[in-house]
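In this note's numbering, the protein residues as written are 4 to 682.
Ideal placement from N, C-alpha and C gives every residue a C-beta, glycine not left out.
Computed from a prediction, not measured in an experiment: that's the story for all the values here.
Shown next, in C-alpha cells, is the structure this report addresses.
Next comes the structure, spelled out in C-alpha cells:
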C-alpha cells in the first residue's frame, strides 16, 4: 500500500525531479548511468518513497524489488536479477517490449538437473533446438517446449524460474535467435566458460553454476553480463533509438541487506568490466552504508557527509561516491513540509471537532509537531495520525501531551492513544535487545560521547558498550549536537528514550536509584562533569534533577563573569535540560512555573534569573535565524503562555547594566519572545 503522503513533500519532489532528469533519454548513444543510493535511518520514508516512484514511473520499463525478504526466504542475487528482468520485460504501450534471450537461455541452462549426465543432455537438447532455429523464427510454443523438456529432464524442474524463462527469451519479439544470441553471449565476462559453440558455452555455465562457490560466483557474473548485454541490444537499433525516450528504472529497496549488496556488487563489477554504458538507472535505498558504498568511498579517498546532498531544502544533489555510484541522505522534513501535513490533518477532522485555541491552527499544529519530531517522517505521520484519532472534544494541549506518552503504566492516567511505544520500537529495531534496554540512560547525556565516557553508566556492560560505540559512529542514526558538533541522538529518539528513563524503577540498594534510573543516570553524568571541571554541564544535570537553585547559582555567578552574548548562550543551553513528568502528563505551564519559582530569593538579579530560567525551562523557544536548535520539549507550554514573563525578566536584567552592548543583547533577547514561536 502506497503512503498517501509520499511524493508530496518538497523533499520527495526534489529527489523525484533528480530521478526524472536522469531517467529521460536523448536520442543517440547511451551514456553511463549511476546507481543512485538513497540513505536514511528507519522511518525516514525510504520504502514509502520507493512505492511512490513505482506508481509514478508506470509508463517506463520498471522493476521494483525489496531485497530484504528475498534473502529472508533463502533467495540469492540471481533471484533479484531474474525478477528485475521479468518486470522490465512487461508490455508498455508505444515502446518496443524488452526481451532477454541471452539471460533467459542461460537461466534455462543453469536450471537443469543436478545429475551430471542428465544435466548435460538437457543442455545439449536445448542448444540443438536453438541451432536448428538459425534459419527460422522460434514460436512461443517451440520455446515453451524447449523449457518444458529441460524441466522434465531436470527431474526437479527449474528452480522457481520456469514461469519466467520463456517470457524472458521471447520478450514479445519474434527474432532470429542464433546469431544474435551468440553475439549477446560474446559480451559476457572474458573469463567465462568456453568460447566455442553455444552448446559448449551453455554446458560450461551450467557446470560453473552447480560447482564450488567460486565457480558459482563466476556463473553469476556471466548471468549479469548477459542481462546488461540484452539491455544494451534493446536500445541499439535505429527504431529503438527513436521510440525509447527513457532509460529503464530499477528500484531496489533495502540494498544494504546481504542479497541487495551482492546484487549491487555484481552489477557494478559487470559495468566496470565491460566499460560500456547500459540503459539501466538503479535507485537503491539503505538504512546503513552498504559495503558496496563503503568500498566506493574508500576508492574515492574520502568519506562524504551525505547530509550535504541538500544545498537547499528543495534541491537534491547527490554526492559522487566512486565512479559508478552517487549517494544522498533523505533529510528530515522541514517545518514548512510538516505544516502542509498538519493542514491536511485538520481538514480531515470530523465536523464539530475542537480546534487549537490559537489565531492560526495550521501554523500552531505544524510548529508543535515539528518541534516534537524535528521532521522525522515516520514520527510526523504517527503523531498527526494519533492527534486526528483522539476524541473530537479533547482540547489540543491535552492531545499533544498524550500523543507520545509511554503506555507502560509509568504515566497516569494511561493515555488511550499514543504513538510513542511503536515509534521507539521502530527507531531501535537495529539495536540488540541488550543495547535497547540500556539506551535510555545514554539519552540523559547531551551528546553520545558524554554518555560513552561516563564509566559508571556502563559498569559490567562492556560488550554492550562496544555496540553503543558503533551506534555513535552511525551518522544515519545520529545528528550533530549544535553547540558542540558531536554526535547526539535525534530529538525524537531522545524524547522517547527520556520518557522511558523517567518511568524506569530505581534499583534496590542503590542510593541514587542506579544508572538505569533518571536520578542515577543524571547523577552519574553530573559527577563526571564535576570531575572534568565542567560547571555548565554540572548545572545542566542539576536542573534535570530538579535542583533549580544550583543551576540559578551558576547563572548568577556567570552574569558577573562574562558578557551578555556568552551568558545568554549558557542560559539557552541550560533551559533545554530535560525534565521529568513525575508519573503524570505535563501539568499546566503556569501552575508548574509558580510551583518551581515559589518566592525567589537573593538579590534582584538572582530573582530575575530564577524566574527567567524556570520559564525558559518550561516553555519552547523561538528558533535563532539560520541556527540549528538543540534538544527541546515544547509540551510543557504548548501555547507559549510564559513568553510575557520571559520578556519582563530580560528587561529587568538589563536595567542596572552600564555596558551598551550587553544592554542591547538583552533587549534583542526580549524582543525574540514578543512573538509566538509558530508565527
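Burial of residue 369 is indicated by the presence of at least 16 other C-beta atoms within 10 angstroms of its C-beta.
The beta carbon of residue 468 lies closer than 8 Å to those of 455, 461 in the same chain, with the five residues before and after it left out. With contacts defined by Cβ atoms closer than 9 Å, residue 286 and residue 87 do not form a contacting pair. In the DSSP assignment, residue 289 falls within the beta strand (DSSP E) that extends over 283-289.
Secondary structure of residue 546 (DSSP, three-state): helix. Scanning 69, 92, 373 for the CA closest to the CA of residue 82 turns up 69. For residue 523, the enclosing alpha helix (DSSP H) stretches over residues 521-534. Put simply, the backbone Cα of residue 626 is about 27 Å away from that of residue 391.
DSSP places residue 491 in no alpha helix (DSSP H) but in the uninterrupted beta strand (DSSP E) bounded by 490-492. One Cα belongs to residue 419, the other to residue 541, and the distance between them is close to 37 Å. At the C-beta level, residue 265 and residue 105 stay beyond 9 Å of one another. Straight through space, the alpha carbons of residue 517 and residue 523 are spaced by roughly 5 Å. Collapsing the DSSP output to three states places residue 315 in a strand. Rounded to whole angstroms, the gap between the alpha carbons of residue 320 and residue 497 is 29 Å. In this structure, DSSP gives residue 672 a helical state, which the three-state scheme calls helix.
Counting only runs that start and end inside the stretch 441-498, the alpha helix (DSSP H) elements of at least 4 residues fall at 451-455, 465-475. Under the three-pair Cβ rule at 8 Å, the stretch 613-620 counts as touching the stretch 642-657. Rounded to whole angstroms, residue 267 and residue 109 show a C-alpha spacing of 20 Å.
For the pair residue 682 and residue 583, the CB atoms are not nearer than the 9 Å cut-off. Our two residues, residue 393 and residue 593, have alpha carbons roughly 25 Å apart in a direct line. In the structure shown, residue 414 falls within a coil segment according to DSSP collapsed to helix, strand and coil. In this structure the stretch 563-576 touches the stretch 661-676; the number of beta carbon pairs closer than 8 Å is three or more. CA-CA distance, residue 225 to residue 208, rounds to 8 Å. Contact annotation: the stretch 474-485 does not touch the stretch 545-563, with fewer than three C-beta pairs closer than 8 Å. Looking at the DSSP output, residue 27 shares a beta bridge with 249. For residue 98, there is no enclosing beta strand (DSSP E), since its DSSP letter is neither H nor E. Less than 9 Å separates the beta-carbon of residue 67 from that of residue 56.
By the Cβ test, the stretch 358-376 is in contact with the stretch 333-343, since at least three Cβ pairs between them sit closer than 8 Å.
For residue 323, DSSP records a beta bridge to 329. Secondary-structure assignment with DSSP links residue 612 through no beta bridge to anything. Separation of residue 572 and residue 71 (C-alpha to C-alpha, rounded to the nearest whole angstrom) is 46 Å. Straight-line measurement puts the Cα of residue 263 at about 16 Å from the Cα of residue 330. Here residue 38 is buried: its Cβ has 16 or more other Cβ atoms, across all protein chains shown, within 10 Å.
Of the other Cβ atoms in all chains shown, 16 or more fall within 10 Å of the Cβ of residue 22; this residue is therefore buried. DSSP, read as helix, strand or coil, puts residue 640 in coil. Rounded to the nearest angstrom, the Cβ distance from residue 365 to residue 349 is 6 Å, consistent with a contact under 8 Å.
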